[in-house]
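Letter 616 of the sequence shown, counting from 1, is numbered 1482 in our numbering, and no numbers are missing.
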Amino acid sequence: MRGLVWFGVLSLATGLIAEERQATAPRSIRLRDGFRVELLRSAQAEEGSWISMTFDDQQRIVVGLDDKGLARLTLSEDRSSADFALLQETETYRHVRGVLHAYDSLYVCATNSQGVYRLQDRDGDGEYEDQHLLQQIPYQSRYGHGTNQVVLGPDGQLYVVCGNDVVFPEARATDSPYRDPRNDWLLPNPHDEGQDDRVGYIAQVDPEGKSWTILAGGFRNQFDIAFNQEGELFTWDADMEWDAGLPWYRPTRLNHVISGGEYGWRWGTGKWPAWYPDSLPTTLDTGYSSPTGMIFCHASNWPARYRNALLMADWQHGRILLVDLQPRGATYDATAELFLEGGPLNVCDLEFGPDGDLYFITGGRGSQSGLYRVTWTGEAAPEAAPKISEQAIDQAKRARVLRRQLEVLQRKQDPTALEFLWEQLDSEDEWLRFSARVALENQPLETWRERLGSAEDSRAMRMALLALARVGNVEDQPLILEKLSGLNWSALSSQDLLVPLRTLQLTLIRQGRPQSSNLDELSPKLSALYPHDSFAVNWLLAELLVEFRAPQVIERTLGLLEASATQEEQIQFAKTLVRVKTGWTRESAQRMLAWLYRARRLPGGKLVDTASRNLRSDFELLLTESLRGELKAELARLDEPLPEEALSSLPARPHVKNWTMEDLLEDVLNVRPEAHDVAAGHQALAAAACLRCHKFGDRGGQIGPDLTNVAKRFDGRALLESIIEPSKQVDPKYLNATYVLTDGRVITGRTVGVNKHQLTIEIDPLTGRTQAINREEIEESVLTNMSPMPASLLNTLNREEILDLISLLRR
């Protein structure tokens, strides 16, 4: 049940004619006091769905289309409406997620065309006859995780935003601040096998497209970026919501992006926690969101209270958030509140026009598009922005100066700068320490290895040790282990323990496991700390002690597993325990199996059940034949059926009618959701079998899209058409594909896992059964345009029940 279409028909007495399309009316949009929103244009059937926008030098709006091509919206003289025109010779640009007018050019990020392009109108006729590719950026099947936006920075450079399914450009600068992302997993999960080092990143590019510098990375699929008045860069990034409830899920996060910044997203279960010392933390977690456009308000004509605020569009929930930033040292703290929301209001992009008003577009995934304008009409001065003390402002200015000096050294080698770097490695400011460590890693090892060898224990020494573990060679490992062995571990705070623990992990990962007496000395010191009061410390300690095959690690970790208050903590300890290959007794195995029994149905995203099944299969592989025999009853208990859902006992309903769009569209367009009973809507939702595959609130399955907030994205027409004609427009994530293999087998299903060696195909969505296919075995693959959702789900409902169902979804 997916509303993803942007065209339709209405049956009238005079015959079938195209119905004029209407984006969400301003009266259905709630916004802050003092502002007014106007709808300037609703996209018509032939105008496509709009997903990106920019103002050109003649104050016209260029929009990128969801399917293919570019278009121009020309505002009327009084800016109360806009005319639409397709731009000629732009059909080759597919899924245009980014457009920018700068330097007498239109820069285009065409995700599905796998490139960044420059278009120019040399003769002034309004068409871009000069078009050329600046950079090919291959894109590998993640449905919108390629090139996203392109933004002009305050330094006059272009900033290209790339998601996690593309690689770095081959021609990138070798001295890029962000150079060598690695997974750096001490205990790799076999279910993540084959995952490579692709991550989302931000590239700094000259206007000619010749110089590409990778500024920062470790994102999933950040859609847009924005610069504040201090020239500081921010992005908003969402994790896969299927992972919600798992320890590797990271809530949607606003990130302050700095040179050399590592933000820790990795494939599969290997995403780094925000507290890793070799990563940077979030600035603000915003909960479930679908980030699209973002922009600071300093170009607005709004009151001073808003000029430093950041606006962020949330496609999924039909809203724009207002974010206030408060400087804190070299970074910022942030708070967010609602600026406007509507239903549906799937905001894709937003820009301030030359008049200082805010313009935004809705659309995406084939949905209805509209162009809106937000103006300030208030008379009284609005409430003040959060007050920032002069002292905080002054401290932040000084910290930013220091950080930018360090950022220069991330690309420049300067033997005279070592003392300065050492001072900042010891800074109280985490962001200065991070920048100094990245800068130190860029300096020749011979210029600072000796300094580290003679250094006494301090924060600076431990940060330099972390740097050496990251960039040193095998010959440097004895020094690392010697320094770690010499630490007074019990005297370190929880926060200070994270650096040496992560350093020990990194040297084992990057330089390998040595045969060393220092390593033998470290194991009992770490055992003495375990378990710790800090979950983060226990996370690292547990992994290290499993790697060291330390005695009692099973018993102590089981204790943490059983005592942990959250399922995320429990799953993390279980994930670590199933890497312990020996030492299991009947009693300890029984305790693990008891937890696996409780974990068969944990709340959260679609992949929680998958994670539970993987933990079970991994643990069973550890059991000896003798233990399997002794634990036969406990193992059999894991296969007991789960409590049946209430919907499964519903009696079969008689056929009512083969409903069509013509039968229902007029009623759906005129229905008033508040006039229909919520309970009746829930009954219709279950009767139509929607909950077998879709989640609504806290009920239902997790095979298809979550319907809880579907009205924020799609209107009544789109909802109805997606139920009656589900194959008209299908989110690519839910399409099935047929694979013909070299041995003659034919496998059909939905791709749920991709790495460089294999595809994982879900061949039974109701049970979650999957099958792995080696890429080299695939002779032919065909993507089917048929939705896995049946087209007849409404045929057992009567008209009133259908309106109850649609009303429930639109509430």
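All residues carry an ideal CB built from backbone N, CA and C; glycine is no exception.
These figures come from a predicted structure and were not determined experimentally.
Leaving aside the five residues that flank Val-1337 on each side, the residues in its chain whose CB is nearer than 8 angstroms to its CB run, in chain order, Glu-1307 and Leu-1311. Nearest to Leu-1443 by alpha-carbon distance, out of Leu-1530, Arg-1467 and Leu-1411, is Leu-1411.
Judged by DSSP secondary structure, Pro-1193 falls within the beta strand (DSSP E) whose first and last residues are 1185-1194. Residue pairing of Ile-1639 in beta bridges, as defined by DSSP: Leu-1625. Within the DSSP secondary-structure output, Val-903 pairs in a beta bridge with Val-1240. By the CB criterion at 8 angstroms, Val-928 and Val-965 fall inside the cutoff. Comparing alpha-carbon positions, the option among Arg-1277, Ala-1357 and Gly-1229 lying closest to Thr-1040 turns out to be Arg-1277. Boundaries of the beta strand (DSSP E) harbouring Asp-949: 948-952, taken from the DSSP string. Non-local C-beta neighbours of Arg-1173 in its own chain, meaning closer than 6 angstroms and more than five positions away in sequence, comprise Cys-1163 and His-1164, ordered along the chain.
Going by beta carbons, Glu-913 and Arg-1239 fall outside the 8 angstroms limit.
If you ignore the 5 residues before and after Gly-1230, its C-beta comes within less than 7 angstroms of the C-beta of Ser-915, Ile-917, Asp-932, Trp-1181, Asn-1212 and Cys-1214, all in its own chain and listed in chain order. Check the Cα spacing between Arg-1464 and each of Gln-1549, Asp-1505, Ser-1351 and Leu-1530: the tightest is with Asp-1505.
Non-local beta-carbon contacts of Glu-1387 in its own chain, meaning distances under 7 angstroms to residues more than five positions away in sequence, involve Ser-1351 in chain order.
Cβ contact annotation for Val-1340 (same chain, cutoff 6 angstroms, sequence separation greater than five): Gln-1377, in chain order.
Here DSSP, grouped into helix, strand and coil, assigns Thr-1442 to helix. Excluding the 5 residues flanking it on each side, Ser-908 has same chain C-beta neighbours closer than 6 angstroms at Arg-887, Gln-888, Ala-889 and Gly-1236, in chain order. If you ignore the 5 residues before and after Leu-952, its C-beta comes within less than 7 angstroms of the C-beta of Gly-935 and Ala-937, all in its own chain and listed in chain order. With contacts defined by Cβ atoms closer than 8 angstroms, Ala-1577 and Gly-990 do not form a contacting pair.
Note that the C-beta distance between Leu-906 and Ser-946 is below 8 angstroms. Between Phe-1226 and Tyr-973, the alpha-carbon positions lie close to 19 angstroms from each other. Of the residues Leu-1206, Gly-1232, Gln-1234 and Ser-1233, the one whose Cα lies closest to the Cα of Leu-1224 is Leu-1206.
By the Cβ neighbour-count rule, Gln-925 is exposed, with fewer than 16 other Cβ atoms within 10 Å of its own.
Here DSSP, grouped into helix, strand and coil, assigns Met-1178 to strand.
Arg-1538 is the residue among Leu-941, Arg-1538, Ile-1254 and Arg-963 whose C-alpha sits nearest the C-alpha of Ser-894. With a threshold of 16 other beta carbon atoms within 10 Å, Gly-1184 meets it and is buried. Under the three-state reduction of DSSP output, Pro-1366 falls in the helix class. Two segments are said to touch when three or more pairs of C-beta atoms, one from each, lie closer than 8 angstroms; by this definition the segment 1031-1040 does not touch the segment 1109-1125.
DSSP, read as helix, strand or coil, puts Phe-1286 in helix.
Your pair Leu-1204 and Leu-1191 does not check out as a contact, with CB atoms roughly 17 angstroms apart and the cut at 8 angstroms.
For Gln-1271, there is no enclosing beta strand (DSSP E); the enclosing alpha helix (DSSP H) has its first and last residue at 1256-1275.
Of all alpha-carbon atoms in Asp-996, Ser-1166 and Arg-1270, the one lying nearest the alpha-carbon of Gly-1222 is that of Ser-1166. Remark: fewer than three beta-carbon pairs, one from each stretch, lie closer than 8 angstroms, so the segment 1291-1303 and the segment 1312-1322 are not flagged as touching.
If you ignore the 5 residues before and after Glu-1107, its C-beta comes within less than 7 angstroms of the C-beta of Tyr-1154 and Gly-1471, all in its own chain and listed in chain order. Ala-1455: member of the alpha helix (DSSP H) spanning 1452-1464, first to last residue. Leu-1489 and Ser-1647 have their C-alpha atoms some 39 angstroms from each other. Counting only the Cα atoms, Glu-1096 lies some 21 angstroms from Leu-1216.
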